[in-house]
Amino acid sequence: MNKAPRLEPVHIRGRLEFARNNMGRQWNLVIFSDEKKFNLDGPDGLNGYWRDLRKEPRYFSRRNYGGGSVMVWGAFSALGKLELRFVSKSMDGREYQEVLSRSLLPFLQRYRRLQVVFQQDNAGVHRSKRPRRNDPDFVPMMRWFEDHGVDVLEWPSRSPNLNPIENLWGIIVRRIYDDNCQYQTVDELKEAILLAWNSIPEEIIQSLVDSMQNRVY
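Be aware that the sequence shown starts at 1, since it is given in UniProt numbering, and climbs by one per residue.
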């Protein structure tokens with residue numbers, strides 16, 4: 001179980017301002033996004049996690065030299081889930097733009113008649129002004145969004161608990177590591193993640209979107 005980030009007064013003020021500015025927002029038209037790492041050997045934070053006290057605790061073994069892992073980018077809205085993307089663990093702005101071009105832009109085009117808003121947190125890659133490698137054609141992220149007509153929702157810093165996709169990741173973690181399941185290869189893990197992602201029903205997605213009203217108040 002990951003610890004919540006420490007909130008300084010400036011972060012608390014930012015969250016309050018976010019709540020005031022978004023009380024009347026149509027959350028059904030917001031796309032929530034995030035990255036998540038999955039391990040071959042089991043979920044992160046195994047020393048502390050929530051479990052049903054009526055059931056036996058789960059134990060995961062670790063390889064001596066550590067197992068592999070994969071990083072994914074995912075997004076969803078009340079309109080549906082976007083195509084899940086596997087990304088590098090050190091994704092830079094250029095790769096992020098490629099991910100958005102393949103998953104976000106087609107989704108927005110499909111619903112171009114609606115005023116859909118895109119949510120992302122304040123990770124450096126989401127607002128990068130330059131790539132990590134020499135790339136003279138790179139466009140800073142915020143200009144890239146403007147050029148492609150993407151309306152980005154201002155998100156308060158250190159507020160992962162406001163993002164309902166964190167709950168969706170939790171559901172997927174429980175599914176792919178059910179019965180202490182571990183994986184021998186990255187391909188096996190990827191297949192399990194995709195299966196879990198694609199099998200999430202619309203009812204769960206809608207309930208997560210509906211929860212935003214209580215998260216904000």
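Backbone N, C-alpha and C fix where the C-beta goes; we use that ideal spot for every residue, glycine too.
Return the bridge partner residues of residue i from the DSSP annotation.
| i | result |
| --- | --- |
| Arg-85 | Trp-73 |
| Phe-38 | Val-70 |
| Arg-33 | The sequence given here places Ser at residue 33; Arg does not occur at that position. According to DSSP, which records beta bridges pairwise, Ser-33 is partnered with Ala-75. |
What is the residue span of the beta strand (DSSP E) that residue i lies within?
| i | result |
| --- | --- |
| Leu-153 | 151-153 |
To the nearest angstrom, how far is it from the Cα of residue i to the Cα of residue j?
| i | j | result |
| --- | --- | --- |
| Asp-44 | Phe-38 | 8 Å |
| Arg-85 | Gly-149 | 21 Å |
| Lys-190 | Tyr-183 | 10 Å |
| Leu-114 | Leu-153 | 15 Å |
| Thr-185 | Gly-80 | 30 Å |
| Gln-206 | Gly-170 | 16 Å |
| Gln-119 | Tyr-177 | 28 Å |
| Glu-8 | Asn-122 | 16 Å |
| Glu-166 | Phe-32 | 10 Å |
| Arg-25 | Gly-68 | 40 Å |
| Ile-12 | Trp-27 | 22 Å |
| Leu-162 | Cys-181 | 29 Å |
| Glu-95 | Arg-132 | 10 Å |
| Val-30 | Pro-164 | 11 Å |
| Glu-35 | Trp-197 | 13 Å |
| Trp-155 | Phe-18 | 7 Å |
| Arg-112 | Leu-104 | 12 Å |
| Arg-127 | Arg-143 | 10 Å |
Could you have a look at residue i and say whether DSSP puts it in helix, strand or coil?
| i | result |
| --- | --- |
| Gln-120 | coil |
| Asp-92 | coil |
| Glu-8 | coil |
| Phe-107 | helix |
| Gly-80 | strand |
| Arg-15 | helix |
| Asp-178 | helix |
| Arg-127 | helix |
| Ile-21 | It should be noted that the sequence gives Asn, not Ile, for residue 21. Reduced to three states, the DSSP call for Asn-21 is helix. |
| Arg-102 | helix |
| Leu-114 | coil |
| Pro-156 | coil |
| Asn-214 | helix |
| Asn-167 | helix |
| Asn-161 | helix |
Please classify residue i as buried or exposed, where buried requires at least 16 neighbouring CB atoms within 10 angstroms.
| i | result |
| --- | --- |
| Met-23 | exposed |
| Asn-214 | exposed |
| residue 220 | As shown, the chain starts at 1 and ends at 217. That puts residue 220 outside it, with no answer to give. |
| Leu-195 | exposed |
| Ser-75 | According to the sequence as given, residue 75 is Ala; it is not Ser. Buried, because 16 or more other Cβ atoms sit within 10 Å of the Cβ of Ala-75. |
| Ser-211 | exposed |
| Gln-97 | buried |
| Ser-101 | exposed |
| Gly-124 | exposed |
| Val-10 | exposed |
| residue 297 | A question about residue 297 goes unanswered here, because the residues of the chain that appear run from 1 up to 217. |
| Trp-50 | Here the model assigns Trp-50 a pLDDT of 41, short of 50, so the residue's position is not dependable, and the following value carries that caveat. It counts as exposed. |
| Ile-204 | exposed |
Considering just the uninterrupted stretch of the alpha helix (DSSP H) at residue i, what are its terminal residues?
| i | result |
| --- | --- |
| Arg-143 | 141-147 |
| Ser-207 | 202-210 |
| Asn-28 | It is not in any alpha helix (DSSP H) - Asn-28 carries neither H nor E in the DSSP assignment. |
| His-186 | Rather than His, the amino acid found at residue 186 in this sequence is Val. From DSSP, the alpha helix (DSSP H) with Val-186 extends over 186-198. |
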